[in-house]
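J.: A single structure is presented below for examination.
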Amino acid sequence: MLPKFPLSRRQILFLGLSGLAGSAAVTAGKVVNTNSQVQALYNPQRDFKVVGQNSLKQRAASKGIIYGAAVEPEFFQSNTPFRASFLKDCGMIVPENSLKWTQLRPAPERYDFAKADWLAAFARAHGMLYRGHTLVWHNDIPVWFKEVVNRQNAEKVLVDHITTVSKRYAGKMHSWDVVNEAIDPESGRSDALQTSPWLDFLGPDYIELAFRATAAADPKAMLVYNETWIEYDIPKHEARRKATLKLLENLLKKGTPIHALGIQSHLMAHEKGLNPKKLRAFLSNVASLGLKILITELDVIDQQLPADSAVRDRMVASVYEDYLSVVLDEKAVIAVLTWGLSDRYTWHASFLPRSDGKPVRPLPLDFNFQRKLAWNAIARAFDQARKR
Ligand code: G3I
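Numbering (the working numbering), first residue to last: 613 to 1000.
In structure tokens:
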């Protein structure tokens, strides 16, 4: 069912969202909502108390888990309070866009590493880990690509890009999202692969090729396959989990140097299908392949939640804590990255605006970098997690 408000094609592409139904209102403190999940999320008595003063980074590290967030240099450069909050809470930096083809490659023969280098230096200067996102993504193709790349030169273009970029940070990169979102069970292909220029030119082996090229350029980095929409107990996600597992098994069978699965975790607060048992089973199936797991782009879509920010924050916090308490129970989960730290800098504002026009509130810190209940929820999940 298409969403109520017009999402652009681009937004639907990015989100692959279906079933955004209902809208929520709060009258006299009671959530009136056609979506039973939204009603279930509203528990004014739920306790989000946090013990002690430790930061998210400290609480995670005490259990052997890394916590960090996606960011861009301009967020720091225009905001010292944000910089202070980021340094306090985050132990890892991932560039939200600076290491993507569309940002790195203004022209076929030109790389622009200025922003990615700035973030790498910032991470190093503050003793933070640095992670790369992403070397191959069908949604991240520069405008010049179709004029320049063809069946004959595609392998060289791909390997040259991966080698140039991953060599530059070799030995300093905690992990790379080598390939992002390569499956699509709805593509109609028997291998359930997502259509992509790389698949067209090189066939399914482009994925193994990308991992081998990255391993050759940076033998120290943890190499991650990053996937989305595999979190809920809904048919679309179930099919994607199955296809993801199949892909990982096939890659490992061929000896592909792949070390971890990244689960993006753009959580849908209006979706009631969080099934702890199924999610845990999936995570342990991945771990049994000998892979680590990273929660790579965590945030909570609050589009269908009530306008009232106090009510909405409570619901978003519930989604964070319910999800993290399940995934952190799997000891192969070694890192949690939120896709941003503050509501002031979130992709939701342009890609997932609320139909009532109110500012979105998906992240641990509010627009003025103050902690929200979401911060408490993440802190509590780290505090309750078993030590790695
Ligand atoms: O840098 C240009 C700027 O020069 C130009 O003026 C401006 C206006 O068009 O666009 C700027 O580039 C934008 C870029 O973000 C940097 O702000 C792109 O248009 C815009 O498409 C891009 O959006 C990013 C999106 O990925 C596509 O790369 C979002 O910020 C980012 O949060 C989002 O993140 C993705 C992950 O990489 C993969 N998983 C899903 C996640 C959410 O879509």
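For each residue, glycine too, the CB sits at the ideal point set by N, CA and C.
#1: Here's the rule: buried if 16 or more other CB atoms are within 10 angstroms of the residue's CB, otherwise exposed. What is G739?
#2: Give every residue of the same chain whose Cβ lies closer than 6 Å to the Cβ of N709, excluding the five residues on either side of it in the sequence, and list them in chain order.
#3: Can you check which of these residues, R717, W959, A726, is closest to I753 by C-alpha distance?
#4: CB of K557 to nearest heavy atom of ligand 1: below 7 Å?
#5: Give a yes or no on contact between the region 855-871 and the region 735-751, applying the rule of three or more CB pairs nearer than 8 Å.
#6: So if DSSP puts T950 in a beta bridge, which residue, or which two residues, is it bridged to?
#7: Assuming L741 contacts I678 under a Cβ cut-off of 8 Å, what Cβ separation, rounded to an integer in Å, is found between them?
#8: Hey, is T840 close to ligand 1, as in C-beta under 7 Å from one of its heavy atoms?
#9: Enumerate in chain order the residues of its own chain whose CB-to-CB distance from T807 is below 6 Å, with the five nearest sequence positions on each side excluded.
#10: Closer than 8 Å is the cut-off here; do at least three beta carbon pairs connect the region 685-694 with the region 963-975?
#11: Assign K700 to buried or exposed, taking buried as 16 or more other Cβ atoms, counted over all protein chains shown, within 10 Å of its Cβ.
#12: Quick check for students: name the residue ranges of the beta strand (DSSP E) that lie wholly in the region 674-747, counting only runs of 3 or more.
#13: Check whether the region 923-931 and the region 970-989 touch, using three or more Cβ-Cβ pairs below 8 Å as the test.
#14: Less than 8 Å between the beta carbons of V898 and I905, yes or no?
#15: Have a look at F660, K779, A851, L985 and flag the residue whose alpha-carbon is nearest the alpha-carbon of K832.
#16: Thinking just about the alpha-carbon of each residue, which of A719, R736, K727 is nearest to the one in E759?
#17: CB F757 to CB P809, shorter than 8 Å?
#18: Check whether the region 811-818 touches the region 844-854, taking contact to mean three or more Cβ pairs, one atom from each stretch, closer than 8 Å.
#19: Given a cut-off of 8 Å on the beta-carbon distance, is the pair L936 and D955 in contact?
#20: Please tell me whether, using a cut-off of 7 Å, the distance from the CB of H750 to the nearest non-hydrogen atom of ligand 1 is below it.
#21: Have a look at the DSSP bridge pairing and note the partners of A872.
#22: Measuring only the C-alpha atoms, how far is A827 from L835?
#23: Please work out which residues of its chain come closer than 7 Å, Cβ to Cβ, to S896, disregarding the five sequence neighbours upstream and downstream, and give them in chain order.
#24: When you compare the CB positions of T958 and V972, do they come within less than 8 Å of one another, or not?
#25: According to DSSP, is H878 part of a helix, a strand, or is it coil?
#26: Quickly, what does DSSP pair N792 with across the bridge? List them, please.
#27: Classify R892 as helix, strand or coil using the three-state DSSP reduction.
#28: Between S635 and the rest of its own chain, which residues show a CB-CB distance below 6 Å, the 5 nearest in sequence each way excluded?
#29: Rounded to whole angstroms, how far is the Cβ of Y837 from the Cβ of V790, which I believe are closer than 8 Å?
#30: Would you please state the rounded distance, in angstroms, between the beta carbons of G703 and A673? I believe it to be under 8 Å.
#31: When every heavy atom of ligand 1 is checked, does at least one fall within less than 7 Å of the C-beta of E686?
#32: Regarding K712 and ligand 1, is the C-beta to nearest heavy atom distance less than 7 Å?
#33: Contact check, E839 vs E793 under 8 Å by CB: the rounded distance?
T.: In short, the structure shows the following:
#1: Along the sequence shown, one-based indexing puts residue 739 at 127. Per the 10 Å Cβ criterion, exposed.
#2: Start at 1 with the first residue of the sequence shown, and residue 709 comes out as number 97. For N709, where only same-chain residues beyond five positions count, the Cβ hits under 6 Å are Q715.
#3: As a working mapping, residue 753 is identified with position 141 in the sequence shown. Out of R717, W959, A726, R717 has the C-alpha closest to the C-alpha of I753.
#4: Nothing about residue 557 can be reported from this structure: the residues present for the chain run from 613 to 1000 only.
#5: no
#6: For this step, residue 950 is matched to residue 338 along the sequence shown. Looking at the DSSP assignment, T950 forms a beta bridge with A681, L910.
#7: Taking the sequence shown and counting its residues from 1, one reaches residue 741 at position 129. Taking the sequence shown and counting its residues from 1, one reaches residue 678 at position 66. Correct: roughly 6 Å between the Cβ atoms.
#8: On the sequence shown, position 228 is the one that residue 840 refers to. Result yes, Cβ under 7 Å from ligand 1.
#9: Within the sequence shown, numbered from 1, the residue matching residue 807 stands at position 195. S799, listed in sequence order.
#10: Two segments are said to touch when three or more pairs of C-beta atoms, one from each, lie closer than 8 Å; by this definition the region 685-694 does not touch the region 963-975.
#11: Along the sequence shown, one-based indexing puts residue 700 at 88. Under the 10 Å beta carbon count, K700 is surrounded by fewer than 16 other beta carbons and is classified as exposed.
#12: 678-683, 704-707
#13: Contact between the region 923-931 and the region 970-989 is present, with at least three C-beta pairs closer than 8 Å.
#14: The residue given as residue 898 occupies position 286 in the sequence shown. The residue given as residue 905 occupies position 293 in the sequence shown. Going by C-beta atoms, V898 is nearer than 8 Å to I905.
#15: By one-based count along the sequence shown, residue 832 stands at place 220. Per the Cα distances, K779.
#16: In the sequence shown, the residue the question calls residue 759 occupies position 147. Nearest option by C-alpha distance: A719.
#17: Numbered from its first residue, the sequence shown carries residue 757 at position 145. Numbered from its first residue, the sequence shown carries residue 809 at position 197. Against a cut-off of 8 Å, the Cβ pair of P809 and F757 comes out as a contact.
#18: no
#19: Taking the sequence shown and counting its residues from 1, one reaches residue 936 at position 324. Taking the sequence shown and counting its residues from 1, one reaches residue 955 at position 343. No.
#20: The residue given as residue 750 occupies position 138 in the sequence shown. Flag unset: Cβ of H750 not near ligand 1.
#21: The residue you call residue 872 lines up with position 260 of the sequence shown. According to DSSP, which records beta bridges pairwise, A872 is partnered with V836, K904.
#22: The count along the sequence shown starts at 1 and reaches residue 827 at position 215. The count along the sequence shown starts at 1 and reaches residue 835 at position 223. Those two C-alpha atoms are separated by around 8 Å.
#23: Here the question's residue 896 lines up with position 284 in the sequence shown. Once the five neighbours on either side are set aside, the close Cβ partners of S896 are E942.
#24: Within the sequence shown, numbered from 1, the residue matching residue 958 stands at position 346. Within the sequence shown, numbered from 1, the residue matching residue 972 stands at position 360. At the C-beta level, T958 and V972 come within 8 Å of one another.
#25: Along the sequence shown, one-based indexing puts residue 878 at 266. Secondary structure of H878 (DSSP, three-state): strand.
#26: Within the sequence shown, numbered from 1, the residue matching residue 792 stands at position 180. Beta-bridge pairing links N792 to W749, N838.
#27: The residue you call residue 892 lines up with position 280 of the sequence shown. DSSP, reduced to helix, strand and coil, places R892 within a helical segment of the structure shown.
#28: Locating residue 635 in the sequence shown gives position 23, counting from the first residue. Bear in mind that the predicted position of S635 carries a pLDDT of just 46, short of 50, making it unreliable; the figure below should be weighed with that in mind. Same-chain partners within the cutoff: there are none.
#29: Along the sequence shown, one-based indexing puts residue 837 at 225. Along the sequence shown, one-based indexing puts residue 790 at 178. The Cβ separation is near 7 Å, so the contact holds.
#30: Here residue 703 corresponds to residue number 91 of the sequence shown, with the count starting at 1. Here residue 673 corresponds to residue number 61 of the sequence shown, with the count starting at 1. Yes, G703 and A673 are in contact; Cβ-Cβ is about 6 Å, under 8 Å.
#31: Position 74 of the sequence shown, counting from 1, holds the residue named residue 686. Answer for E686: no, Cβ out of range of ligand 1.
#32: The count along the sequence shown starts at 1 and reaches residue 712 at position 100. K712: yes, Cβ under 7 Å from ligand 1.
#33: In the sequence shown, counting from the first residue as 1, residue 839 sits at position 227. In the sequence shown, counting from the first residue as 1, residue 793 sits at position 181. Going by Cβ atoms, the distance from E839 to E793 rounds to 6 Å, so yes, they are a contact pair.
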